Each structure stands twice: as C-alpha cells, then as structure tokens.
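Data block below; observations after.
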Amino acid sequence: MARKTLALLMVAAILAGATGSWASPRMDKLNVELPTSTLLFPPGDGASIANGQCLMCHSVEMVLYQPQRTPTQWVETINKMRTVYGAPIPEGEVNALAAYLAAVIGHAGPRPKS
Amino acid sequence: MQRSSPAGSALSRRDFLGGATVVGMSGLVPGFVALPFDNGSRQVVGGFPQKGEMILQRMRPPLLETPFEVFDKGVFTPNDRFYVRWHLANIPTSIDPSDFRLKVHGVVRQEISLSPAQLMRDFPVFEIAAVNQCSGNSRGLFAPRVSGAQWANGAMGNALWRGVRLRDVLDRAGVGAGARQVRFRGLDTGLLPQTPIMMKSLELDHARDGEVMIAYAMNGEPLPMLNGFPLRLVVPGWYGTYWVKALTDIEVLGQDDDNYWMKKSYLIPDTPGADITPGQQGVKMIPINRMVPRSFFTNVKNDSQVKREQTLRGIAFGGDTGVARVLVSVDAGRSWQPARLGSDHGKYSFRQWELPVRFAAAGPQELRVKAVNTAGVAQPERPNWNASGFMRNVIESVSVQVG
Numbered sequence: 467m468a469r470k471t472l473a474l475l476m477v478a479a480i481l482a483g484a485t486g487s488w489a490s491p492r493m494d495k496l497n498v499e500l501p502t503s504t505l506l507f508p509p510g511d512g513a514s515i516a517n518g519q520c521l522m523c524h525s526v527e528m529v530l531y532q533p534q535r536t537p538t539q540w541v542e543t544i545n546k547m548r549t550v551y552g553a554p555i556p557e558g559e560v561n562a563l564a565a566y567l568a569a570v571i572g573h574a575g576p577r578p579k580s
Numbered sequence: 257m258q259r260s261s262p263a264g265s266a267l268s269r270r271d272f273l274g275g276a277t278v279v280g281m282s283g284l285v286p287g288f289v290a291l292p293f294d295n296g297s298r299q300v301v302g303g304f305p306q307k308g309e310m311i312l313q314r315m316r317p318p319l320l321e322t323p324f325e326v327f328d329k330g331v332f333t334p335n336d337r338f339y340v341r342w343h344l345a346n347i348p349t350s351i352d353p354s355d356f357r358l359k360v361h362g363v364v365r366q367e368i369s370l371s372p373a374q375l376m377r378d379f380p381v382f383e384i385a386a387v388n389q390c391s392g393n394s395r396g397l398f399a400p401r402v403s404g405a406q407w408a409n410g411a412m413g414n415a416l417w418r419g420v421r422l423r424d425v426l427d428r429a430g431v432g433a434g435a436r437q438v439r440f441r442g443l444d445t446g447l448l449p450q451t452p453i454m455m456k457s458l459e460l461d462h463a464r465d466g467e468v469m470i471a472y473a474m475n476g477e478p479l480p481m482l483n484g485f486p487l488r489l490v491v492p493g494w495y496g497t498y499w500v501k502a503l504t505d506i507e508v509l510g511q512d513d514d515n516y517w518m519k520k521s522y523l524i525p526d527t528p529g530a531d532i533t534p535g536q537q538g539v540k541m542i543p544i545n546r547m548v549p550r551s552f553f554t555n556v557k558n559d560s561q562v563k564r565e566q567t568l569r570g571i572a573f574g575g576d577t578g579v580a581r582v583l584v585s586v587d588a589g590r591s592w593q594p595a596r597l598g599s600d601h602g603k604y605s606f607r608q609w610e611l612p613v614r615f616a617a618a619g620p621q622e623l624r625v626k627a628v629n630t631a632g633v634a635q636p637e638r639p640n641w642n643a644s645g646f647m648r649n650v651i652e653s654v655s656v657q658v659g
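From first to last, the protein sequence lines are chains A and B.
Counting from 1 along the first sequence, just add 466 to a position and that's the residue number in this note's numbering.
Counting from 1 along the second sequence, just add 256 to a position and that's the residue number in this note's numbering.
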C-alpha cells in the first residue's frame, strides 16, 4: 500500500512537471535597507559646489571613478545634468564646477596591474 | 582581476578615499580590486541586501559589478552575485506583492491590472535561460576613454528566468488596431521633478514574439530587490537597458515612443559593430538593440602563471543567437583551436567551454579567445569605439607566464 501511494505520488510529481505547474517561489513582502554613502568630494576649489549640487541624486563614487577629462568635457556632462535631469546648478557655477572636476578626477597614477 | 589589499600605490595616493572615508558603509571592511584601466581601483563590498561581495561602482543609486571569478564557478550567475544597475534616485526598497499591480493599458481592448499571484496562476509558465548584459559592460576598457559607469567585464550575468510570456499578457488585454510599440515602466523615479522617468519600448512584433517575458523568478527564487523584484521584463538577446525592473506599467502605443530613454539616451551609431572613429560627425544614431557575441577566459587572467599542460576554460555567449563555436589561440592569434562546448542551456544562455592545451615552450605567452555565433558573426579583432562606450566585444586576450 505504502509502495503504491509512493508510486502514485511520483507519477503526480512527473505530471506536474510535464504540465508546467511549478511550485512558484513564495513571494512574501520584501523590505530591504540600502547602505548609505558618507563620502564627499575631495577638497579643492569647487568642492562645495559639487557637494551641494551633485549628491542629491547620486553618491560620489561613480564621479570619482571617471577617467581624466577636460573642463569642456565636464561642462557637457554638467549641462546634461542641468537640462535633462533638472539639476539646480546655477549657470554661473558651471565653469567653476567643471574646472574643479577636471582638476581632481582621474589623476590616479599609472595603470594598475590586474 | 584579483582582490588585493590596498597596500601602496593607487589608493593611498588618493587621500580622500583613504582611511575612514572608505567606510561609507558603517562597520564593513571592504576589500579592493584593481580593474585593468586607469583609475580602476574599486572597493569590493558586502552589505547590499540579498547580495554577496560585489565591486562597488556607485553606492546610490547602486551600481554593483560582479567580480569576474564568479563566472568560473558555473554557467548560471548566482542571484546574490548578479550585477546591479539603477539610474534614478528613488528605487524600491519595500514591496508587498499582494499590493503590487502590473497595469496594461493604451491601445488595448480592455485595460487590465494583474497581481504577481494572478500572473503565476492565470498564465502558462514560460522559462528561458538568458544573459543580461549592460549596454556599457566593459566601458572602462574603451580607448580613448569615455564617460559613464566605468565597468570592467562584470556588468553581465546569466540566469534561468521563469514567468509568463509578454505575448500572453498583451493578448489578455487585447492589442488594438493601430498599435505600434509597447512601452515599459518600472517603479524607480527621479528625485527632481524634471528627471525623465525611465521607460523603454519595443516594437509590437518583438514584444509579441513569444520569447520576451515577464519574470517573477530568477534561478528558482524570487528576484532580489536590486534585480527587479517582484516582476522584471526579460528581453532575450537584447541589452539590459530593455529589461525593466520592478515592472509596473505596460502601455501599448499607437505611435513610436519619443521619450528621452528611447530617443536621446542609449543610442548607438548605425554602423557595423556600433563602431566609429573618435570625433566622427554626422553619424545616424539608433536605439541600442541586439547583443553581439563575446567570450572570456575564467580560469586564467593577466599575469597569471600557467602550467605547460593546462586546461583552459571560460564562458561564451552568442549575443542574439546561439554559440556555434569558441576558438582559442595560445600563440597570440597565429593559430586557433576549437574548444569543447559545455551543456547547451538555450541560445541566449552563457555556454561554458574548455580546452586542454600544451604550450610549446615556457615563457610569456598571449592567449586569445573568440566566439562565433550561429549566424556566423565572430568577435572582431579590433575593438569598436563609440562615445557612449556601448557594445564592446573585441576578442579577449590575456598575457600569461608559462612555467
């Protein structure tokens, strides 16, 4: 009897698999807590603009990890942040911010060995 | 890419990253990795929810890269090591699936609103193995360098996705006459009112091709919050930008989508391999779309020591179709040998490969690997270039010491 029950259960399991009725993952309520970044921009003329204007939407790391870029290239990025994303960076601060970023970002020395 | 201590050079030169500022995540002691390009030092951190150790590209919103050694461990990328990429400031952190709804509206006969439970109960189950790869995977390796997330090769992963076909859901709502595209939106939003909401669109025929799907499970588990819990669009063979996370809104459009994320962002030059000369002007730009083939070594890396007799192994994928063959060179590309391919999990999956090799001599040697897909497309010998750093798929090479 027990053997017969087991056999039936196995057949049921195979059929369930074949028809695609799959034990879906239980989807419970999910709460997560994200780590926060306390990092600020490195000191220098313009750091206060960067800390005041850039960190509301994103933390600092990806900016620090950019390659070395010219002030003109940074102006392009800053203006994209202003015009596309609505960053409230006053026009009068764009050049100072670009000069600061060009001066501090991407000067990390020689290429590391991997 | 080896985890290494921050001893010496790159990090200590940048004082602002040194000492206590490394914390950022209170109480955690990060490791470090040197990605193979200038300014490539990164923290390797735990502490993100449902994630193991990941390469930190940005804390908020999170950009987390998969450490490359993970790809040596299996053909599927574990959920807790799967890369993470969010654009906008407000990302979901608390979701009750019983309250969550996916709305389908626009050019349809009848608007519908579905809970995850209804999707699981009322539609046929569909399952597919597929690689999700960021459009900008490997951007840090572009020369000349371009701005954007400075990923090495770990902004990709392969998973077994389980859910329902998008076609079945669209048909439940009934696609109306004059429908052209289907637009997808997730729960993430910007902080500033002007920030464009992230939305992506597919042509109607693509959306209804029976492969594009809405996943509620990834490798047999609910999706991690950071990978799109509770529902995510899966677009096999296409770049990750289309795989909208925390998918909550599907709109059938009667015209082509002109939203920022389709018309201004994620564009590539309409040239073979999305390749142009730096500074080239007047190029027609189109939305990024199908992936291209790639292959990697996973058990040898630059500067590693290898034995005279050694089995090389790695992973490959064909892009928008399967892998036909993987070829390996142990003499800097002068001759190529076909590798043995591992189990076939479907044409959109990673495919493992391996090849026992015998080096003719000790000393420095350059190894190369290239994939050819079933459409006959091979990885190029020369890297592509475009201003956004998209679609890199050059033949990979590693320099080793044969001992």
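Every residue, glycine too, gets a C-beta built ideally from N, C-alpha and C.
Predicted model, so just to flag it, every value in this text is computed and none were measured.
Closest by CA to residue i, which one among the options?
i              : options                           : result
residue 328(B) : 650(B), 543(B), 529(B) and 553(B) : 553(B)
residue 495(A) : 315(B), 333(B) and 354(B)         : 354(B)
residue 562(A) : 547(A), 505(A), 498(A) and 513(A) : 513(A)
residue 466(B) : 383(B), 511(B), 535(B) and 415(B) : 383(B)
residue 462(B) : 566(B), 476(B), 445(B) and 490(B) : 490(B)
residue 657(B) : 616(B), 455(B) and 496(B)         : 616(B)
residue 452(B) : 503(A), 497(A), 544(A) and 553(A) : 553(A)
residue 380(B) : 359(B), 337(B), 393(B) and 428(B) : 428(B)
residue 570(B) : 293(B), 332(B) and 303(B)         : 332(B)
residue 477(B) : 306(B), 630(B), 659(B) and 298(B) : 306(B)
residue 304(B) : 496(B), 297(B) and 314(B)         : 314(B)
residue 696(B) : 653(B), 605(B), 435(B) and 623(B) : Examination of residue 696(B) is not possible in this model, given that chain B is present from 257 through 659 alone.
residue 512(B) : 527(B), 542(B) and 536(B)         : 542(B)
Show which residues of chain B have a CB atom less than 8 angstroms away from the CB atom of residue i.
i              : result
residue 498(A) : 305, 306, 349, 350, 481 and 482
residue 519(A) : Under the 8 angstroms cutoff, chain B gives no residues; its nearest Cβ is about 11 angstroms from residue 519(A).
residue 543(A) : 403
residue 556(A) : Going along chain B, no residue has its Cβ under 8 angstroms from residue 556(A), so there is no contact; the nearest lies around 15 angstroms.
Please look up how many angstroms separate the CB atoms of residue i and residue j, rounded, as I've assumed it's under 8 angstroms.
i              : j              : result
residue 523(A) : residue 397(B) : No, residue 523(A) and residue 397(B) are not in contact; Cβ-Cβ is about 27 angstroms, not under 8 angstroms.
residue 431(B) : residue 457(B) : Their Cβ separation, rounded to whole angstroms, is 14 angstroms, which puts residue 431(B) and residue 457(B) out of contact at 8 angstroms.
residue 418(B) : residue 373(B) : That belief does not hold up - the Cβ atoms of residue 418(B) and residue 373(B) are roughly 15 angstroms apart, past 8 angstroms.
residue 370(B) : residue 357(B) : 7 angstroms
residue 655(B) : residue 558(B) : 6 angstroms
residue 640(B) : residue 531(B) : 4 angstroms
residue 435(B) : residue 363(B) : 4 angstroms
residue 556(B) : residue 572(B) : The pair is not a contact, with the Cβ atoms about 15 angstroms apart (cut-off 8 angstroms).
residue 484(B) : residue 636(B) : Wrong, their Cβ atoms sit about 32 angstroms apart, outside the cutoff.
residue 500(A) : residue 526(A) : Contact doesn't hold; Cβ gap of about 16 angstroms is too wide.
Would the beta-carbon of residue i fall within 7 angstroms of that of residue j?
i              : j              : result
residue 528(A) : residue 385(B) : no
residue 422(B) : residue 468(B) : yes
residue 339(B) : residue 413(B) : yes
residue 301(B) : residue 289(B) : no
residue 571(A) : residue 532(A) : yes
residue 500(B) : residue 575(B) : no
residue 325(B) : residue 410(B) : no
residue 348(B) : residue 502(B) : yes
residue 341(B) : residue 312(B) : no
residue 613(B) : residue 566(B) : yes
residue 335(B) : residue 475(B) : yes
residue 503(A) : residue 590(B) : no
residue 649(B) : residue 548(B) : yes
Does any residue of chain E have a CB that is nearer than 7 angstroms to the CB of residue i?
i              : result
residue 503(A) : The structure shown contains no chain E; its protein chains are A and B.
Could you work out which residues of chain B lie near residue i, taking near to mean beta carbons separated by less than 9 angstroms?
i              : result
residue 514(A) : Ordered by position in chain B, no residue passes the 9 angstroms Cβ test against residue 514(A), which lies about 14 angstroms from the chain.
residue 550(A) : 450, 451, 452, 516, 520 and 521
Let's see if you can read the secondary structure: which residues bound the alpha helix (DSSP H) around residue i?
i              : result
residue 609(B) : Segment 607-614 is the beta strand (DSSP E) holding residue 609(B); no alpha helix (DSSP H) there.
residue 386(B) : Element bounds for residue 386(B): not the alpha helix (DSSP H) but the beta strand (DSSP E), 382-389.
residue 518(A) : 513-519
residue 428(B) : 422-429
residue 638(B) : Counting along the chain, residue 638(B) falls outside any alpha helix (DSSP H), and DSSP gives it neither H nor E.
residue 548(A) : 537-549
residue 519(B) : 516-519
residue 528(A) : 527-530
residue 479(B) : Segment: none, residue 479(B) is in no alpha helix (DSSP H) and carries neither H nor E.
residue 560(A) : 560-570
Specify, as a first and last residue, the run of the beta strand (DSSP E) that residue i falls within.
i              : result
residue 505(B) : 505-509
residue 474(B) : 469-474
residue 462(B) : It is not in any beta strand (DSSP E) - residue 462(B) instead sits in the alpha helix (DSSP H) that spans 460-463.
residue 541(B) : 541-543
Which residues in chain B have a C-beta closer than 7 angstroms to the C-beta of residue i? List them in chain order.
i              : result
residue 568(A) : Correct list: empty, because the minimum Cβ distance to chain B is about 12 angstroms.
residue 527(A) : 312, 313, 314 and 315
Just to make sure I have the definition right: I need the residues of chain A whose C-beta is within less than 9 angstroms of the C-beta of residue i. Which are they?
i              : result
residue 446(B) : 523, 551 and 552
residue 471(B) : Within 9 angstroms Cβ-Cβ: nothing; residue 471(B) doesn't reach chain A, min ~11 angstroms.
residue 345(B) : 522, 523 and 524
By the criterion of Cβ-Cβ separation under 8 angstroms, what are the contact partners of residue i in chain A?
i              : result
residue 541(B) : Within chain A, no residue comes near residue 541(B); the closest Cβ sits about 16 angstroms away, beyond 8 angstroms.
residue 406(B) : 528, 531, 532 and 533
List the residues of chain A whose Cβ lies closer than 7 angstroms to the Cβ of residue i, in chain order.
i              : result
residue 485(B) : 496
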